[in-house]
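For the sequence shown, this note's numbering begins at 1 and goes up steadily by one. Beta carbons are placed, not taken as given, at the ideal position from N, Cα and C, and that holds for glycine.
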Amino acid sequence: MRQRGMFWPDDTTQKRKIVFRSSRHFGLGIKSEESSAHEEISKLFQHLDKSQGEAMSVKGVFNIPTFNVVAHRFLGEKYPHDDPGLTKVVDRLG
């Protein structure tokens with residue numbers, strides 16, 4: 001079996017090491033990022049509490065906080081949850 005190199009490692013252990021090294025390089029695991037994620041989770045819970053136990057559509061409800069955490073990490077910006085541009089981007093992503 002031939003060696004596949006850095007981008008196509010031969011086993012799962014090597015893949016995992018590369019992913020974790022790259023994640024640390026981008027700052028994953030830093031306390032400030034953790035607080036950013038907690039802030040988005042709090043906003044998500046506030047949104048869910050507004051339903052007061054009534055049935056509601058959760059389509060896209062979880063996508064916006066997730067997008068905001070990623071955008072804050074890589075773009076350095078957060079967007080308001082009711083921003084029409086953000087909802088359009090999140091809808092297109094999936």
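I think residue i touches residue j, with their Cβ atoms under 8 Å apart; what is that distance to the nearest whole Å?
i: S22; j: V69; result: Actually they are not in contact, since the Cβ atoms of S22 and V69 sit about 17 Å apart, beyond 8 Å.
i: F74; j: V90; result: In fact, because the Cβ distance is near 15 Å, the residues do not count as touching under 8 Å.
i: G48; j: I64; result: Per the sequence shown, residue 48 should be read as Leu rather than Gly. Rounded, the Cβ-Cβ distance is 12 Å, inconsistent with contact.
Looking only at C-alpha atoms, which of the options sits nearest to residue i?
i: G60; options: S51, K15, G94; result: G94
i: A71; options: S51, E40, V58; result: E40
i: L44; options: L86, H81, V19; result: H81
i: F62; options: K15, K17, Q46; result: Q46
| query | Can you list, in chain order, the stretches of the alpha helix (DSSP H) that have 4 or more residues and sit fully within the segment 13-94? | reply | 31-49, 63-75, 84-93
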